[in-house]
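Take 42 as the starting number for the sequence shown in the working numbering and just add one per residue.
Using N, Cα and C, we set each Cβ at its ideal position, and we do this for glycine too.
Here is the structure we will look at.
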Amino acid sequence: MWWKDSIIYQIYPRSFQDSSDDGFGDIPGIISRLDEIKELGANVIWLSPVYKSPDADNGYDISDYYAINPKFGTMNDMENLFAEAAKRGIKIIMDLVINHTSDEHEWFQKSRDPKSPYRDYYIWKPGKDSKKPPNNWTGFFMGETWEYDEQSGEYYLHLFDKKQPDLNYKNPKVIEEVKNILRFWLDKGAAGFRCDVINIIFKTSLADGKKSLAVQGLEHFKSQEGNHEVLRELRRDVLDKYDCFTVGETVFVDLPDAKLLCDENRKELNMLFFFDHLEVDRRIAQFIPKKFHAYKLLNVITKWQKGLDWNAIYLENHDQPRIVSHFGAADKDSEFWKRSAKMLALFELTLRGTPFIYQGQEIGMTNFDFKNIDELNDVVSHGLNKLMKKMCIPKFLRWKWIKASSRDNARTPMQWNDSENAGFSKGKPWLGVNRNYKLINYASQKNDPDSILAFYKKLILLRKNSKGLIYGDFIPVYADTNIMIYQRILEKEIYTIALNFSSHNIKIPKKFLHLFSSDYYQVLNASGSSEWKNELLPWEGVLFIKTA
Ligand code: GLC
42 MWWKDSIIYQ IYPRSFQDSS DDGFGDIPGI ISRLDEIKEL GANVIWLSPV
92 YKSPDADNGY DISDYYAINP KFGTMNDMEN LFAEAAKRGI KIIMDLVINH
142 TSDEHEWFQK SRDPKSPYRD YYIWKPGKDS KKPPNNWTGF FMGETWEYDE
192 QSGEYYLHLF DKKQPDLNYK NPKVIEEVKN ILRFWLDKGA AGFRCDVINI
242 IFKTSLADGK KSLAVQGLEH FKSQEGNHEV LRELRRDVLD KYDCFTVGET
292 VFVDLPDAKL LCDENRKELN MLFFFDHLEV DRRIAQFIPK KFHAYKLLNV
342 ITKWQKGLDW NAIYLENHDQ PRIVSHFGAA DKDSEFWKRS AKMLALFELT
392 LRGTPFIYQG QEIGMTNFDF KNIDELNDVV SHGLNKLMKK MCIPKFLRWK
442 WIKASSRDNA RTPMQWNDSE NAGFSKGKPW LGVNRNYKLI NYASQKNDPD
492 SILAFYKKLI LLRKNSKGLI YGDFIPVYAD TNIMIYQRIL EKEIYTIALN
542 FSSHNIKIPK KFLHLFSSDY YQVLNASGSS EWKNELLPWE GVLFIKTA
């Protein structure tokens, strides 16, 4: 299956490359950068939403699935993108956001009339008692999940922003609409879909949820039987008729759920994104930091590597802080920014599964350096700030937590070169450019053999040429607070990987030294040092390979 040995590059279009100088990335901008993606070694692009949208949640609130947001260009531009990508051997997967639409979608506008045939496309309910919401659910964006609509005299459900009303998957007409959307994009040339929050689309009941600090009501809509059925229907009636794949974004997913969702015989999803690994040092739905331990990370990774036959592997996306700031040294020990970014590249690209690289990750882009909440755009950060203010949490603490968790950390414009606005746009960017762009940018790394970019390219090439790194078994070997060691083994190919997540030199425990001995050939290390002294340098990652 071609998607198993692919390398996928995620583009967040509004922050990738602006061609019209309005400060907003666009499709012609993407076309102008396809060569860079090809040079990196990626052969699939996941495109975050480019559909028509009022942008209440940066395009994850779609008002027309069949039209392109004019900020990004036209349908003609999109067709050119498919064609230009194909010329370079690059496929494109689209973002499928079908848990909800925008409240500005025609279906929703019509559904506000209780007599409309569209009424049942969404989840409408009268309030409890006089003017209380129908149940006690809390949403993913720190707020209410029911909005009262004067025109209808009823509430509608929205698990995200109030401008993102949830569709009703008990209505077969909604499923038919989704099939049409899938067919439309597959016929245009899409090679598959990244399916947004796809394990919560079916609401079995609207009863009150169990009390919870995170999302309340989850037991009524997470990975429900009805959800599995919808996925199977989409596979059977549409997806299986094309050469395509799906990767689900599955919130709060656990291994038993994931096994069902990805079981090849059940035919639901091909792979999915889980979140556990990025939450080993955070609590309460990601917002509050706790101490990092490499052994916890290795435990979580082992659980998923062994638990599922095939994983979607990622360390960054448009919702997560930059990995070199999160697990790496960028914010703690900036002297080791570069080495830790390479160590993390080694981590991601030596796991079993399909790797996803997020724009800017390949040059070690870091979290933003904004000074206050007014510089942020993220609807979640603003929601969180409001909620914490209500809870009387002091301003400095609010900012500290928001700064570490804000989705805008990953959304600042791509840093292409050291000219104005990092070469992203000549206009005022929609979101501030990180001030470190003169130091961290694509152009400065392109021809530097010691750069993070060069390291990614080398690793991708190595992975493409070694079945063992793609398909080999994952064997955890050792971990403590700071380091982890694991192997990938396929017949006679043995890869041994050791990673140091700390600022200290750390000796490889004696018991495992034989794995790093001279009958193994040291292939790559994040420090660039040629001498191996049986210890890991600060933030170093090493890969040893043995082929008989
Ligand atoms: C997913 C997207 C996120 C969006 C949310 C609602 O988590 O990745 O960006 O806000 O779904 O669509």
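Next on the checklist: Three Cβ pairs or more, each shorter than 8 Å: is that satisfied between the region 443-462 and the region 402-412?
Outcome noted: Touching, yes, given that three or more Cβ pairs across the two stretches are closer than 8 Å.
Item to check | Segments of 3+ residues assigned as beta strand (DSSP E) that fall wholly inside the region 86-165 | outcome: 105-109, 132-137
Checklist entry - Would you say Phe201 touches the ligand GLC, meaning its beta carbon is less than 6 Å from a heavy atom? => result yes
Checklist entry - Below 7 Å between beta carbons: does that hold for Gly100 and Pro111? => result no
Checklist entry - With 16 other CB atoms within 10 Å as the buried threshold, where does His555 fall? => result exposed
Item to check | Three CB pairs or more closer than 8 Å across the region 63-77 and the region 125-140 | outcome: yes
Checklist entry - Just the Cα atoms here: how many angstroms apart are Thr588 and Trp148? => result Each residue's Cα considered, the two are about 59 Å apart.
Next on the checklist: Going residue by residue through the region 391-470, where are the continuous beta strand (DSSP E) segments of at least 3 residues, counting only ones entirely within it?
Outcome noted: 395-399
Item to check | At least three beta-carbon pairs within less than 8 Å, the region 513-524 to the region 56-67 | outcome: Contact fails: fewer than three Cβ-Cβ distances are below 8 Å.
Next on the checklist: I'd like to know whether the C-beta atoms of Gly64 and Lys469 end up nearer to each other than 7 Å.
Outcome noted: By the CB criterion at 7 Å, Gly64 and Lys469 fall inside the cutoff.
Next on the checklist: Taking 6 Å as the limit between beta carbons, can you name the residues of its chain near Cys236, skipping five residues before and five after?
Outcome noted: Contacts found: Leu137, Thr287, Gly289.
Checklist entry - Got a sec? Which residues, its chain only, sit under 7 Å from Arg476 by beta carbon, not counting five neighbours each side? => result Asp410
Item to check | Pairwise C-alpha distance: Pro579 and Ile535 | outcome: 25 Å
Next on the checklist: Tell me which residues share the same chain as Ala248 and place their Cβ nearer than 8 Å to its Cβ, disregarding the 5 neighbours each side in the sequence.
Outcome noted: Asn176, His261
Checklist entry - Nearest to Asn140 by alpha carbon, out of Tyr53, Lys337, Phe123, Tyr162? => result Tyr162
Item to check | Three-pair Cβ contact test at 8 Å for the region 115-127 versus the region 222-233 | outcome: yes
Checklist entry - CB of Asp237 to nearest heavy atom of the ligand GLC: below 6 Å? => result yes
Checklist entry - Which of the three DSSP states, helix, strand or coil, is assigned to Gly267? => result helix
Checklist entry - I think Ile530 touches Gly509, with their Cβ atoms under 8 Å apart; what is that distance to the nearest whole Å? => result 7 Å
Next on the checklist: I'd like the span of the beta strand (DSSP E) that includes Trp345, first residue to last.
Outcome noted: Taken as a continuous stretch (DSSP letters only), Trp345 belongs to no beta strand (DSSP E), being part of the alpha helix (DSSP H) at 335-348.
Next on the checklist: With a threshold of 7 Å on Cβ separation, who are the neighbours of Met135 within its own chain once the five nearest residues in sequence on each side are excluded?
Outcome noted: Leu88, Trp226, Ala231, Phe234
Next on the checklist: Could you give the first and the last residue of the continuous beta strand (DSSP E) run that contains Leu584?
Outcome noted: 582-588
Checklist entry - From Tyr189 to Thr453, what does the alpha carbon distance come to, in whole angstroms? => result 34 Å
Next on the checklist: As a quick exercise: from Ile222, Ala255, Gln402, Pro155, pick the residue whose alpha carbon is nearest that of Asn482.
Outcome noted: Out of Ile222, Ala255, Gln402, Pro155, Gln402 has the C-alpha closest to the C-alpha of Asn482.
Next on the checklist: Taking only three categories from DSSP, how would you classify Ala353?
Outcome noted: Assignment of Ala353 by DSSP, reduced to helix, strand and coil, places it in the strand class.
Checklist entry - Tell me, which residues are paired with Ala539 by DSSP? => result Paired residues: Ile526, Val583.
Checklist entry - Can you give the beta carbon distance from Lys204 to Pro54, rounded, assuming they're within the 8 Å contact cut? => result That belief does not hold up - the Cβ atoms of Lys204 and Pro54 are roughly 20 Å apart, past 8 Å.
Item to check | Residue burial classification, Tyr107 (beta-carbon count within 10 angstroms, cutoff 16) | outcome: exposed
Item to check | Other residues of its chain near Ala484: CB distance less than 6 Å, five sequence neighbours each side excluded | outcome: Around Ala484: Asn458.
Checklist entry - Which residues in the same chain have their Cβ closer than 6 Å to the Cβ of Met429, if we skip the five residues on either side of it in sequence? => result Arg439
Next on the checklist: Distance check for Tyr336 and Ile549, CA to CA, integer angstroms please.
Outcome noted: 15 Å
Item to check | Three-state secondary structure (DSSP) of Phe314 | outcome: strand
Item to check | Length of the line joining the Cα atoms of Ile342 and Met384 | outcome: 16 Å
Next on the checklist: Taking the alpha-carbon of Leu259 as reference, which of Phe293, Glu576, Gly267 has the nearest alpha-carbon?
Outcome noted: Nearest of Phe293, Glu576, Gly267 to Leu259, Cα basis: Phe293.
Checklist entry - DSSP three-state call for Pro330: helix, strand or coil? => result strand
Item to check | Continuous beta strand (DSSP E) stretch holding Asp170: start and end | outcome: Neither: Asp170 is in no beta strand (DSSP E) and is coded neither H nor E.
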